[in-house]
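Residue numbers (our numbering): 162 to 408. Ideal Cβ positions, reconstructed from N, Cα and C, are used throughout, including at glycine. Here the structure is laid out as structure tokens; the discussion comes afterwards.
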């Protein structure tokens, strides 16, 4: 599933990309000049080469290449081929692809693919696929972030109606507790116990915002107050004004 693009469609973007670049674009005579050397396929670190996609999370063997050569036929994929491969991979491993990383060197390809796939599909093609998937994942995650953030803010505001919960949040001390999520854990936010890691930063920001507001003597959001007053009594009832001497 590709993300939604603003101002143009996916097909328009693919059409605009046109054919894959010619080797001469990079100063080469042959496409294989952009591939890693033959030793790359025989000397890989098998301890670090997880090949998640090629081995289907370890359920299939890691495939090697017999007698790899540097000079060989390699065809660069078009934008359509890259998109199709990315779509199929995301369909099969949707949850994992949300956190896919863009490779920084060809060695990083081994995190997702084995030597056989890198050699026969082309390192340049798989490089482009992973970078494209990382780009798409960032867009998809942002779309979801825009939906999830207001829900997290709403839920935390409701939880903080309880005096004891507010006191616990206000007692947070970064030097003692480190991460605010360690101090204000799942026991206080049961509905967020299965929150994906990608949203932990948002939850952390929401909690810190409320923590700072409580430190300044701020009240619970008016719409969630049920016969209760801010536990530190810093606000004048019914006025919204901070009492003299309150911090």
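Check: Pair within 9 Å by beta-carbon distance, residue 240 and residue 179; Outcome: yes
Check: Residue from 182, 188, 238 and 271 whose Cα sits closest to the Cα of residue 213; Outcome: 271
Check: Residue of 172, 344 and 277 minimising C-alpha distance to residue 369; Outcome: 344
Check: Touch test, the stretch 198–211 against the stretch 253–264, Cβ-Cβ under 8 Å, three pairs minimum; Outcome: no
Check: Local Cβ density within 10 Å of residue 215, reported as buried at 16 or more and exposed below that; Outcome: buried
Check: Stretch pair the stretch 293–306 + the stretch 322–340: three plus CB contacts closer than 8 Å; Outcome: no
Check: Spatial distance of residue 312 from residue 372 (CA atoms); Outcome: 18 Å
Check: Where residue 288 falls: helix, strand or coil (DSSP); Outcome: helix
Check: Where the alpha helix (DSSP H) containing residue 276 begins and where it ends; Outcome: 276–282
Check: Continuous alpha helix (DSSP H) stretch holding residue 248: start and end; Outcome: 240–253
Check: Whole-Å CB distance - residue 243 paired with residue 317, under 8 Å assumed; Outcome: Contact flag wrong, Cβ pair sits at about 40 Å.
Check: Residue 177 and residue 223 closer than 9 Å at C-beta; Outcome: no
Check: Rounded C-alpha distance that separates residue 183 from residue 286; Outcome: 14 Å
Check: Cα-Cα separation, residue 315 to residue 248; Outcome: 34 Å
Check: Backbone CA spacing between residue 326 and residue 341 [nearest angstrom]; Outcome: 14 Å
Check: Residue 251, buried or exposed, once every other Cβ within 10 Å from all chains shown has been counted against 16; Outcome: buried
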